[in-house]
Amino acid sequence: MSTATEAPTRNRPKLDELDLPLGKRVRLHRILYEHGVGNGTLLALPIDQGIEHGPIDFLPNPPAAAPDYQWELAVEGGYNAIACHWGLARQYMKKYAGKVPLILKINGKTNIPSDDEAISSPTATVQDAVSLGADAVGYTLYVGSPRQDEDISRLQRVREACELWGMPLVVWSYPRGAAIEAKGGRDSLYAVDYAARLAHELGADIIKLNVPKKSDKDSKMPQKYQDIEWDYESGAARVVSSARKSMVLFSGGSKISDEDLMDKARTVMEVGATGLIFGRNMWQRPMDEALAMTKRIKELLAKHPA
Amino acid sequence: MSTATEAPTRNRPKLDELDLPLGKRVRLHRILYEHGVGNGTLLALPIDQGIEHGPIDFLPNPPAAAPDYQWELAVEGGYNAIACHWGLARQYMKKYAGKVPLILKINGKTNIPSDDEAISSPTATVQDAVSLGADAVGYTLYVGSPRQDEDISRLQRVREACELWGMPLVVWSYPRGAAIEAKGGRDSLYAVDYAARLAHELGADIIKLNVPKKSDKDSKMPQKYQDIEWDYESGAARVVSSARKSMVLFSGGSKISDEDLMDKARTVMEVGATGLIFGRNMWQRPMDEALAMTKRIKELLAKHPA
Amino acid sequence: MSTATEAPTRNRPKLDELDLPLGKRVRLHRILYEHGVGNGTLLALPIDQGIEHGPIDFLPNPPAAAPDYQWELAVEGGYNAIACHWGLARQYMKKYAGKVPLILKINGKTNIPSDDEAISSPTATVQDAVSLGADAVGYTLYVGSPRQDEDISRLQRVREACELWGMPLVVWSYPRGAAIEAKGGRDSLYAVDYAARLAHELGADIIKLNVPKKSDKDSKMPQKYQDIEWDYESGAARVVSSARKSMVLFSGGSKISDEDLMDKARTVMEVGATGLIFGRNMWQRPMDEALAMTKRIKELLAKHPA
Amino acid sequence: MSTATEAPTRNRPKLDELDLPLGKRVRLHRILYEHGVGNGTLLALPIDQGIEHGPIDFLPNPPAAAPDYQWELAVEGGYNAIACHWGLARQYMKKYAGKVPLILKINGKTNIPSDDEAISSPTATVQDAVSLGADAVGYTLYVGSPRQDEDISRLQRVREACELWGMPLVVWSYPRGAAIEAKGGRDSLYAVDYAARLAHELGADIIKLNVPKKSDKDSKMPQKYQDIEWDYESGAARVVSSARKSMVLFSGGSKISDEDLMDKARTVMEVGATGLIFGRNMWQRPMDEALAMTKRIKELLAKHPA
Amino acid sequence: MSTATEAPTRNRPKLDELDLPLGKRVRLHRILYEHGVGNGTLLALPIDQGIEHGPIDFLPNPPAAAPDYQWELAVEGGYNAIACHWGLARQYMKKYAGKVPLILKINGKTNIPSDDEAISSPTATVQDAVSLGADAVGYTLYVGSPRQDEDISRLQRVREACELWGMPLVVWSYPRGAAIEAKGGRDSLYAVDYAARLAHELGADIIKLNVPKKSDKDSKMPQKYQDIEWDYESGAARVVSSARKSMVLFSGGSKISDEDLMDKARTVMEVGATGLIFGRNMWQRPMDEALAMTKRIKELLAKHPA
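Protein chains in written order, with the working numbering: chain A, 42 to 347; chain B, 42 to 347; chain F, 42 to 347; chain C, 42 to 347; chain S, 42 to 347.
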């Protein structure tokens, strides 16, 4: 079926065209148009790795273990948002309050137990986000996990609270667990594409995705996905398309070379991503290098007004 | 026992003859008599496949990945209802609000983990349906699953909320799980017949069923079911009969040829179904073909006033 | 220990002598003295088999698949009560409202998954029973199941609601699960005797029991039970005695010959049962035969005033 | 370490010296000083065996199957309290109301499934105890069970309700489950000693313990417990001491000879027990013998004023 | 990466510089500046071993089984706080009320079942702490346990209640469970470092840690941790640093020699710990020795004003 292998195209969702309650509209406007480049793109700095991976991620650049490091980078570099858990927000944000929007992560887990039945645990509520003056909450959904029943149930309650309080909902939509591994793995085109659509149908305003990767396990994907011809760009385009009217952020993952990072950033912005969420690729550098890299990324984003 | 193998006959439930609270009566009247053919039949267009199967179902007809495609088909084709999850309703329905009734699906799951212990997870509440102006909610019950305890418990609470708010309850009554497979499989006459009766006793206003199919595993059914002589028509008739005063919708399942689809539709309407719920068989076509097919189906339904 | 093998004797509980809140007293009076024979005996017609066994139970007499069949039998035959789930009550009872008391079954399960860890799931609440004008609720307790923790917990909450609303509580007290099978089986004297006492201590007003049966597995019972010499009559007498001030109903189970049924009914009434709950033995017959059999049973009950 | 093997000594807790809310003080005074010997000792008659063991316990003395038997024994023998579940209290207590205090057992389980993961299930609430005019509640804690998380959580909520309503809390503190068996067994000195301290720290006012027993499995206890030299008396003394300011009741267990029973009773009272809870050793006898034995026990208790 | 192996340095968190609600500020001030040395250091005496280990810990010094022993030591020795469960606080604290602050432990477990899936169970609430006049609550988090989902969820609710009531939150952050053992064990640098950061991000005001230890299982740690060169001092420094603005208490663990204890105490204070929590190392001694040792420790703490 030749149509199936054509890369889908689409326009990036525009805030004005979305059907949203006022509170979400106000807060998204603040993130997208009053910070960062200010053209509807989104550059976020995450600092949830201390929970997700442990302090191991700070070993390459010890000063980054101090959350002030990230906040200073976010403020000075002019990010659209910083994403972290309650424990960091309440102790470090005072000094930077109002200078950079907060995406409050409201669930998390360590990576110590196996991911076979992954589920992320509540660390805060939507009300906490309101109290802290946050402009969004971040919820991690482990798509396809055997514990998806609890996960989807929790997301449903979070989604309702977001609707009530006008709080934008960012879903980290991550394929994960034994069943995903048996069907091609967490980064397969099949898995990421499913994750994009699922989060959209469950009510995400913004979806954080990883760019799909080819792997040895691709032969375990459903046949229709094996039949698709794709590369980095068209894979990214496909999953952006599956996210429909939810805006998409792509992550950088573990640290890569600057040119690779720029290439990837350029590609995903061209296929319709709304923005980027770069953590280790930013703060695992000395501050001056991180600011320089931030500047390059923002120059790229400036070319992609919504 | 010869009586056991006679195909049961019955009249289709008529709205006026059912004992229902006013809110349900108003909303069912809107679905059955103010939309579609308007003669008490029901043609529904589901678009929950993005959660249940993932975007894989849109590969054969990429434009169908955009929910506007289904809404346009539903409005232009004059369907009685469209069925989808909250995330789609809130982003795409504004333009079509009031033009086609909404059946809000309030639970769902991915098909990534095994179905051995299937359960569908809450994605919305009955109150959400009220808020969205929906005319019914859709609940998927996995009949015979080892997790039936949770499933029946949840359905009981949904049923109560439906009674309170006057919201019609459509139950997708699907045999599923390891125990069902051991007794003949999900599409066996035994399984579907049980599913019909169970949903009726649990308070479904409308039941979505698949037409039973013969298979190699029929010899695992209880003896009394093995003794029944049946074909497509009498099998459908039997399960319609077991649904009693609950109206029955039959699905089309994966895409089949037009003549097969028309034959099947004709047969199930003749044995007392209230209507049809055709998703992939409709929207996996170009729009003109989908509208043409819709027209043929509606001509058929016109011959079956309640 | 010779005393241990003597069959216990006791008087049947009399409503006037029980210590009950007014609401329970009113409703039990309605069931016991204003319907049926009206002498304090109880003949109940259950129609919960559609959930517990599926429509398979209607195959021998297809007209019985229509709940009107049972309601007509119950009204015309003059039963003390009909027992069914919410879904049937709300759709069929209007026509017969007030003519025969309702025992609303408030939990149920299919028999599709294994009974090894049996638990019955909520299908309605005590408040539903109040709303429907029911005169009792029916709760199924799986005595000895590995999931007894949840089961007893749920029964405790139901019992409290019954106390609050003055709703009589009928407990279907059924030994069930892997552990019961390992100690002699669900119909063993040990198991049924335990079930009778347990339900009494947990607050049942009426207990539905099966008459104990001898089997090959009796040698797995505790020694003291193996030492008891008993027959059908003294077995029934023993379990009636263990139910103490809770009234006992015995079931008929699957369909047996008329004389066997009458013999069994006579025996259990003589040893102190308050009544009988006959489903398949009644409605798996043509209506005239069912009414005739009902008449015979009621003549028997007339000889056993409380 | 020689100190470790010295039997600890202590004074029995005196009501006046305990730090308790008024409601608990009033109710404990009623149990300890207005009933029984009236000198601060406590003789309780339990009748929860119908749930814990089933009617098997009544086989040796069939009249004892009637709860009136125990209540008559408790009133005529002048016990400090009778302990039973809600179902018995509500049906039999009216006649004896106010004549003997009630300890309402608020959880229970059958002994049919394995005890490997033992947990006792709620059968009533602290509010039920208030409503019934009870003077204490009884909660069974399975110390060391793999399900201890749920058990301790439930006890915590019960303890809070007891504090709120001024209801004394009696904890049946029973080592149980696979892990206990692997460390010496449920009656080992290690296990009972742990059970005593645990219940005390969790807020028990009174703790029901079994006297530790030596067994073949003692070599599985932690070394420090193997090093202790102890006998019946010093074992009992040790666990009484570990219960600290919680009063201790010892049980009689299964029926033993009268002289053994008197010896054991004398011993435990001498080492600081507050009282005794004798069920089968009392009511598995003809009434006159039970009253005679009760009289002997009370003469003993009279020698142990608080 | 040479930076990775440099021991991090940091200043100890100062109360005045932390961002805390008033209630927490008042209570922490009371603990840190109105008791103990009064210079912002913290010496706590825990007495939760009766639940965590059982009375076995009192065998080496039997008088310590009486909680008065610890309270007298705490008051006379001038500790900053005593930490225990509700059952002890309510019975023993009256005499010492106001003389030494209370850290109410609000969860606990026995060490009888395997720690493979460790979780600690609620024994009290934050409201209980308020009622008792406590100045902090103590919550045990089993970092990396397969049951971390429930554990983090519970901690989240406790953290919220602490914020609401202004109650300081002390987290006993203990790596535990099968997955931790597979990655180097509970005392590995990797595990303790993770535990420190995790508790900080989850909102702990104070974190109780064990000093990391080298072991045979270090080769199971992630490579980056194997690459770090460290000793007792730099290991302690690292985990103190990872706790960031949460104050750190180190424990003494099982009893060791006095000079070892002083050495360890000196070291951890020098690297930024706020204080010490010594239980068995204190109260497993005769009172005079315990007081003498307390005096030595306090002299050390006096050298470390905040």
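Virtual Cβ for every residue (Gly too), placed ideally from N, Cα, C. These figures come from a predicted structure and were not determined experimentally.
Q: Look at A347(C) and T308(C) and say whether their C-beta atoms are less than 9 Å apart.
A: no
Q | Cutoff 7 Å; reference M323(C); Cβ partners in own chain excluding five residues on either side | A | Once the five neighbours on either side are set aside, the close Cβ partners of M323(C) are L86, L114, A331, M334, T335.
Q: Could you check the C-alpha separation between K286(S) and K140(A) for me, to the nearest Å?
A: 22 Å
Q) Taking 9 Å as the CB-CB limit, is Y266(F) close to chain C? A) At a cut-off of 9 Å between C-beta atoms, Y266(F) counts as an interface residue with respect to chain C.
(Q) Quick check on I144(S) - is its C-beta less than 9 Å from some C-beta in chain C? (A) no
Q) What are the boundary residues of the beta strand (DSSP E) that includes K146(S)? A) 143–146
Q: Measuring only between beta-carbons, confirm whether D89(F) sits less than 9 Å from chain B.
A: yes
Q) Any idea if D301(S) is buried or exposed, counting beta-carbon neighbours within 10 angstroms, 16 or more meaning buried? A) exposed
Q: Grab me the residues of T82(S)'s own chain with a C-beta within less than 6 Å of its C-beta, minus the 5 sequence neighbours each way, in chain order.
A: Within the same chain, and ignoring the five residues on either side of T82(S) in sequence, the residues whose Cβ sits closer than 6 Å to its Cβ are G316, L342, H345.
**Q.** Residues near G294(B) in its chain [Cβ-Cβ closer than 7 Å; skip 5 each side]
**A.** N251
Q. Nearest to A165(B) by CA position, among K146(B), D156(B), T181(B), is which residue?
A. K146(B)
Q | Residue-level contact to chain A via CB, V199(S), 9 Å cutoff | A | no
Q: Look up L243(A) in the DSSP assignment and say whether it is helix, strand or coil.
A: Coil.
(Q) Quick check on L61(B): buried or exposed, where buried means 16 or more other Cβ atoms within 10 Å of its Cβ? (A) buried
Q. To the nearest whole angstrom, what separates the beta carbons of R238(F) and G95(C), a pair I think is in contact under 8 Å?
A. 6 Å
(Q) Rounded to the nearest angstrom, what separates A175(B) and A106(B) at their Cα positions? (A) 22 Å
Q | C-alpha distance - R227(S) paired with N152(A), whole-angstrom precision | A | 15 Å
Q: Determine contact between the region 202–218 of chain B and the region 67–81 of chain B, defined as no fewer than three beta-carbon pairs at a distance below 8 Å.
A: Short answer: they touch.
Q. Under 9 Å between the Cβ atoms of D169(S) and G225(S)?
A. no
(Q) For a cutoff of 9 Å on Cβ pairs, would you count R326(A) as touching chain S? (A) no
Q: For chain A, find out if any of its Cβ atoms is closer than 9 Å to the Cβ of W127(B); answer yes or no.
A: yes
Q. Name the chain S residues that come within less than 9 Å of I160(A), Cβ to Cβ?
A. Residues of chain S with a Cβ closer than 9 Å to the Cβ of I160(A) are, in chain order, D190.
Q: Use the C-beta contact count for K296(F): other C-beta atoms within 10 angstroms, 16 or more gives buried, fewer gives exposed.
A: buried
Q: Measure from the C-beta of D329(S) to each C-beta in chain C and report whether the shortest distance is under 9 Å.
A: no
Q: Pick helix, strand or coil for W127(A), following the three-state DSSP scheme.
A: Secondary structure of W127(A) (DSSP, three-state): helix.
Q | A45(A) at chain B interface by Cβ criterion, 9 Å | A | Unreliable positioning characterises A45(A) in this predicted model, as indicated by a pLDDT of 41, which lies under 50. The coordinate reading is nonetheless provided below. Yes, A45(A) counts as interfacial toward chain B.
Q: Would you check if the distance between the CB atom of W127(F) and the CB atom of G179(F) is smaller than 9 Å?
A: The answer is no: Cβ separation not under 9 Å.
Q: Within its chain, find whatever has a CB closer than 6 Å to the CB of M288(C); leave out the 5 residues flanking it on each side and keep chain order.
A: P54, I247, T315
Q | C-beta atoms of D98(C) and Q111(C) nearer than 9 Å | A | no
(Q) When you compare the CB of I269(F) with every CB in chain C, is at least one pair closer than 9 Å? (A) yes
**Q.** Beta-carbon proximity list for A220(S), same chain, < 6 Å, skipping 5 on both sides
**A.** G185
**Q.** Residue range of the beta strand (DSSP E) that includes A85(B)
**A.** First-last of the beta strand (DSSP E) with A85(B): 83–87.
Q: Could you work out which residues of chain B lie near K65(A), taking near to mean beta carbons separated by less than 7 Å?
A: Near K65(A) there are no residues of chain B at all, since even the closest Cβ is about 11 Å away, more than 7 Å.
Q: At 7 Å on the CB atoms, spell out the chain D contacts of E242(B), in chain order.
A: Chain labels in this structure do not include chain D; the protein chains are A, B, F, C and S.
Q. Assuming S256(C) and S229(C) make a contact with CB atoms under 8 Å, what is their CB distance in whole Å?
A. 7 Å
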